[in-house]
Amino acid sequence: CDMAIQYQVNIQVTSGCDFRQEFTLANPDLTPKNITGATFKAGLAKHAVSINAHESTSENPVYKIIPFTTSVVDGNGGVYSIGMTAAETQKLKEGKYVYNVILEDVNGIRTEVVSGLAFVEKGFASLLT
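The number in the numbering used here is simply the position in the sequence shown, starting from 1, with 1 added.
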């Protein structure tokens, strides 16, 4: 991965509710970074190297990462989003997680652009089911 300046943002996810968070990427001069054609991958885990014990072997570790849906909201404006549906957040247990977002530009260069803690709490909607 390319070692660019990334930033850290903590997010709050309510179990049983739709989740969506927008981020904006900027150039060093603070103008919006053009991300047209770029793709993003984002994931949530209990800790940075969470291993799926049922599928891992010593030669082939399988990491236990819950993916976010990602999209470019405004390519010229540098805006992208991560999200999960209410059905996806419903499966999350309360507690503290880590997450990160990787940008893959049109040239295939990958850069971690944001990471942080995700705090999952039970929402009122999840109490009704």
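Glycine included, each C-beta is placed from N, C-alpha and C at the ideal position.
Item	Value
Since Asn-101 sits in a beta bridge, which residues does DSSP pair it with?	Gly-44, Ser-116
So the beta strand (DSSP E) Glu-23 belongs to, where does it begin and stop?	20-25
Per DSSP, Gln-13 is paired with what?	Phe-120
Report the three-state DSSP secondary structure of Ser-127 (helix, strand or coil).	Model confidence at Ser-127 stands at a pLDDT of 48, short of 50, so the residue's coordinates are unreliable and nothing is read from them.
With 16 as the cutoff for other CB atoms within 10 Å, does Gly-38 come out buried or exposed?	exposed
If you measure from the CB of Asp-75, is any heavy atom of the ligand PLP nearer than 6 Å?	Ligands are entirely absent from the displayed structure, and the ligand PLP is therefore not among its contents.
Using C-beta distances below 8 Å, list every residue in its chain close to Ala-46, excluding the 5 sequence neighbours before and after it, in chain order.	Tyr-64, Lys-65, Ile-66, Ile-67, Tyr-98, Val-99, Tyr-100
Helix, strand or coil for Thr-86? Go by DSSP, reduced to three states.	coil
Out of curiosity, what's the CA-to-CA distance linking Ala-27 and Asn-108?	18 Å
Within this structure, are the beta carbons of Lys-70 and Asp-19 separated by less than 7 Å?	Lys is not the amino acid found at residue 70; the sequence shown has Thr there. Result no, Cβ atoms of Thr-70 and Asp-19 do not sit closer than 7 Å.
When you compare the CB positions of Gly-79 and Gln-9, do they come within less than 7 Å of one another, or not?	no
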